[in-house]
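A.B. asks:
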Amino acid sequence: MKYIYPLLIVAIVSVSCSGEKKNSVEQVIQSDNLETVRTKRGQLVAEQEAINDKIKLLDERIKTLDTTKHVPLITTFKAQSEVFNHVLELQGNVTTKDLLTITPEYNGILTKVYVKEGQKVNKGQILAKIDDGGLSQQLAQLKIQAELARTTYERQQRLWEQNIGSEIQFLQSKSTYESQQEAVNQLNQQIAKTNVTAPFSGTIDDIITEQGSVVAAGQSPLMRIVNLDNMYIETEVPERYVSDVTKGKSVSVNIPVLGKTIETNIRQAGDFINPANRTFKVEVGIPNKDKSIKPNLSARLKINDYTSENALLIPQSVVSENSEGEQYVYVVTDKNAKGIGTAKRVIIETGKTQDDIIEVLKGLEDGSEIIKEGARSVRDGQSVEVINYETKN
Numbered sequence: 003m004k005y006i007y008p009l010l011i012v013a014i015v016s017v018s019c020s021g022e023k024k025n026s027v028e029q030v031i032q033s034d035n036l037e038t039v040r041t042k043r044g045q046l047v048a049e050q051e052a053i054n055d056k057i058k059l060l061d062e063r064i065k066t067l068d069t070t071k072h073v074p075l076i077t078t079f080k081a082q083s084e085v086f087n088h089v090l091e092l093q094g095n096v097t098t099k100d101l102l103t104i105t106p107e108y109n110g111i112l113t114k115v116y117v118k119e120g121q122k123v124n125k126g127q128i129l130a131k132i133d134d135g136g137l138s139q140q141l142a143q144l145k146i147q148a149e150l151a152r153t154t155y156e157r158q159q160r161l162w163e164q165n166i167g168s169e170i171q172f173l174q175s176k177s178t179y180e181s182q183q184e185a186v187n188q189l190n191q192q193i194a195k196t197n198v199t200a201p202f203s204g205t206i207d208d209i210i211t212e213q214g215s216v217v218a219a220g221q222s223p224l225m226r227i228v229n230l231d232n233m234y235i236e237t238e239v240p241e242r243y244v245s246d247v248t249k250g251k252s253v254s255v256n257i258p259v260l261g262k263t264i265e266t267n268i269r270q271a272g273d274f275i276n277p278a279n280r281t282f283k284v285e286v287g288i289p290n291k292d293k294s295i296k297p298n299l300s301a302r303l304k305i306n307d308y309t310s311e312n313a314l315l316i317p318q319s320v321v322s323e324n325s326e327g328e329q330y331v332y333v334v335t336d337k338n339a340k341g342i343g344t345a346k347r348v349i350i351e352t353g354k355t356q357d358d359i360i361e362v363l364k365g366l367e368d369g370s371e372i373i374k375e376g377a378r379s380v381r382d383g384q385s386v387e388v389i390n391y392e393t394k395n
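Per my numbering: the sequence shown = residues 3 to 395.
1. Ordered along the chain, which non-local residues of its own chain (more than five positions away) have a Cβ less than 7 Å from that of residue 158?
2. Where does residue 327 land, buried or exposed, given buried means 16+ other C-beta within 10 angstroms?
3. Report the three-state DSSP secondary structure of residue 62 (helix, strand or coil).
4. Would you kindly work out how many angstroms separate the C-alpha atoms of residue 92 and residue 121, rounded to a whole number?
5. With the cut-off set at 9 Å, would you say residue 425 and residue 248 are in Cβ contact?
6. From residue 376 to residue 230, what distance separates their C-alpha atoms?
7. Quick one, which of 340, 205, 82, 189 has its alpha-carbon nearest residue 406's?
8. Ends of the alpha helix (DSSP H) at residue 190?
9. Can you give the Cα-Cα distance for residue 350 and residue 330, rounded to whole angstroms?
10. Beta carbon of residue 266, beta carbon of residue 252: below 9 Å?
11. Report the CB separation of residue 233 from residue 288 in whole angstroms; it is logged as a contact under 8 Å.
12. Where do the ends of the alpha helix (DSSP H) carrying residue 222 lie?
13. Taking the C-alpha atoms as reference points, what is the distance between residue 143 and residue 152?
14. For the region 307-321 against the region 358-369, do three or more pairs of beta-carbon atoms, one drawn from each stretch, fall closer than 8 Å, so that the two count as touching?
15. Is it a yes or a no for the region 330-347 touching the region 277-288, going by three-plus beta-carbon pairs under 8 Å?
16. Mind pulling the beta strand (DSSP E) runs of 3 or more residues that sit fully within the region 242-313?
17. Anyone know if the C-beta pair for residue 372 and residue 386 falls short of 9 Å?
18. Sorted by chain position, which residues of the same chain lie with C-beta nearer than 7 Å to residue 23's C-beta, five sequence neighbours on each side aside?
19. Please name the residue in 34, 239, 313, 45 whose C-alpha comes closest to that of residue 282.
20. Residue 130 to residue 87, Cα distance in whole Å?
21. Going by Cα to Cα distance, which pick from 184, 73, 187, 98 is closest to residue 299?
22. Is residue 237 buried or exposed, if buried means 16 or more other CB atoms sit within 10 Å of its CB?
23. When the distance is taken between beta carbons, is residue 219 closer than 9 Å to residue 105?
24. For residue 274, count the other beta carbons within 10 Å of its own beta carbon; 16 or more makes it buried, fewer makes it exposed. Which is it?
25. Hey, out of 344, 353, 348, whose CA is closest to residue 73's CA?
26. May I ask which residues mark the beginning and end of the alpha helix (DSSP H) holding residue 148?
27. Using a Cβ-Cβ cut-off of 8 Å (strictly less than) and excluding sequence neighbours within five positions of residue 123, which residues of its own chain qualify?
28. What is the C-beta distance between residue 257 and residue 89, in whole angstroms, given that I count them as a contact (C-beta under 8 Å)?
29. In the DSSP assignment, the alpha helix (DSSP H) including residue 28 goes from what residue to what residue?
30. Return yes when the C-beta of residue 207 is under 8 Å from any heavy atom of the ligand GTP, and no when it is not.
31. With residue 202 as the anchor, note down where its beta strand (DSSP E) starts and where it stops.
32. Using the Cα positions of residue 293 and residue 208, report the straight-line distance between them to the nearest angstrom.
33. With residue 284 and residue 271 assumed to form a contact (beta carbons below 8 Å), what rounded beta-carbon distance in angstroms separates them?
34. Just the C-alpha distance for residue 366 and residue 389, rounded to the nearest angstrom, thanks.
35. Measuring only the C-alpha atoms, how far is residue 302 from residue 260?
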C-alpha cells in the first residue's frame, strides 16, 4: 500500500497540471490577443525542443547499454578459384558437301534409269543412260578407219627402217594414224557422257526425271544423291571473336528436333570477313554413325571461346555500380563467433559473363566472403549478421 499512495498523488498532480495547461491554452485562444497567443506558442515550442534533446540523450544511452544490437541479416558465399569455360552461343544449319542434284552432260532422251530411291550406290557406278543419237555407229566406223591407219603406218615404218620409200610417205601415214586415234578418243568421251554416273558413294534420295524424258545438258535435274557420313554444321561468327574462335576449339552441338547433344570440335574457321554483316564462317564436323542427322536440320552451338584455369566467379546479382562506372561488391570482414561482422565495399574489375555468373579479374582474393542476400541493402562499414554461410556461389 505504501507504493500506491505516492503513485496516486503523482497521477493527480499530472492530471491537474495538464488541465491547467489545457485551460491556460484555451484561455489564451479565447483572449483573441495576438501577442498573447504568439508568446504562449513560443513557450510550448521551447518546451518541445527541450524534451526532444532529452529523448536523444536517452536514445544514445540505450545504444550504449543495449547488448542486442539490431543489424541487417545477410547470407554470404566464399569465392573460390575454379575452371571457367566461357561459351559463345550461335545457331547453325546441318549440311554436307556430299549432297548433289545430278544433271546430264549430254542432250537426248533418258532411255534407262538403273537405280531406285533409297538405293546405295558406289562412286563411278552407272545410274542412268541417255540415247547417244547414233554416236555408237560412228564410233564403230572410226575404229575401222583407225585400224586401217594403224596397219598402214606400221608397214610404212618397217619400210622406212629398211630405207625403202620416202620420208614423206612415212610421216603422212603416222599423221593419219594419230588423227584417227584422236578422233576415236574424242568420240569415246562423247559417248561416255551419255552414261550418268555417281560422283561419290551415297544414297539415291530422289528420282526427279522419269525414264523416257528428254533432258538437256547441265539443266535437267535427274536425281539427288546424298552421303550422310561427312556431315557438318556451318555458322557465321561475329568478327570480334576472330582470335578466339579458331580451328580445334571444342563445341557442344544440340539438335533440338532429335533431342541429341554432341561434343565435337571446329574443323575449319574461315579467313574471310564478310563486309556485309562483319562475320566469318565456321565449320563444325559432327559424327553420324546412325545416320539420324539429316541435311538442313537446325542446331544450337556452344563454342568454347575462352578458358581460365583459376577464375573467381560470382553471381551478377551481387555486383553494383557507382556513379563513376566502377563495379563493386560487399565482403564481410572481422566476423566474430556469433556471425557479426563488418560490410566492406570492394571495387572490382570484371571479365566475361556466362548465364548469371561473371568472372572477377581484380579486386577479390581467393576465399573472400562475399555478401549475397542483402547485398543491395547494406552500407560500407555497417555491422551485419551472417545467418547462412555458403561455400559455393
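Here a beta-carbon is modelled for each residue, glycine too, at the ideal position from N, C-alpha and C.
Bear in mind that the values here come from a model prediction, so they are computed numbers and not experimental data.
C.D. replies: Based on what the coordinates show:
1. 167, 171, 172, 175
2. exposed
3. helix
4. 35 Å
5. Any answer about residue 425 is impossible in this case: the structure gives the chain only from 3 up to 395.
6. 55 Å
7. What the structure shows of the chain is the stretch from 3 to 395, and residue 406 is not part of that stretch, so it cannot be assessed.
8. 169-194
9. 5 Å
10. yes
11. 5 Å
12. Residue 222 -> no alpha helix (DSSP H), and no H or E assigned at all.
13. 14 Å
14. yes
15. no
16. 252-257, 262-271, 281-288
17. no
18. Confidence at residue 23 is low in this model, with a pLDDT of 45, below 50, so the placement of that residue should be treated as unreliable; the coordinate-derived value is given next. Nothing listed; no residue qualifies.
19. 239
20. 53 Å
21. 98
22. buried
23. yes
24. exposed
25. 344
26. 137-163
27. 117, 129, 200, 203, 204, 205, 206, 227
28. The Cβ separation is near 17 Å, so there is no contact.
29. 6-33
30. Looking at this structure, you won't find the ligand GTP or any other ligand, since it has none at all.
31. Careful: residue 202 lies outside any beta strand (DSSP E) and carries neither H nor E.
32. 17 Å
33. 5 Å
34. 22 Å
35. 12 Å
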